[in-house]
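Convert by adding 406 to the 1-based position in the sequence shown; the result is the number in this note's numbering.
Just so you know, even glycine gets a beta-carbon here, dropped at the ideal spot from N, CA and C.
This one's a predicted model, so the numbers in the text were calculated from it and none came from an experiment.
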Amino acid sequence: MTNEEKILSLLEKLDNRVDQLDARQARTETLLEKHGEMLDRLDRRMDQLDERQTKTEIILENTIVPRLDALAEGQKALMEALAPKSRVEALEEEVDLLKTVVRSLSRDMAELKKAQ
Numbered sequence: 407m408t409n410e411e412k413i414l415s416l417l418e419k420l421d422n423r424v425d426q427l428d429a430r431q432a433r434t435e436t437l438l439e440k441h442g443e444m445l446d447r448l449d450r451r452m453d454q455l456d457e458r459q460t461k462t463e464i465i466l467e468n469t470i471v472p473r474l475d476a477l478a479e480g481q482k483a484l485m486e487a488l489a490p491k492s493r494v495e496a497l498e499e500e501v502d503l504l505k506t507v508v509r510s511l512s513r514d515m516a517e518l519k520k521a522q
């Protein structure tokens, strides 16, 4: 094999390698394009999620929180208007005592009427 043939053989091998590299580069570029498209889709989805989160925060701030504040104020007013438990218990004891006294007085009156 002459030098010229060796050089041609090497050039042919190099040419084949370049073709293989070109094919790999084309596949790599295709993959990069697909990844780029995926990233674009993910960016759009993230933007949509950010938008939804912002809307949710606005709804919470403008609708839910004021309603919760109004409920809390109403509950506070009710708690202030209601008699405390200790006061209710004291009144119940007083009513029980008055009932007992009224029964006793009613019996005494009935006995006095019988005695007349």
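Taking the alpha helix (DSSP H) that residue i falls in, what are its first and last residues?
i: Q459; result: N409 to I465
i: T506; result: K491 to A521
i: L484; result: V471 to A487
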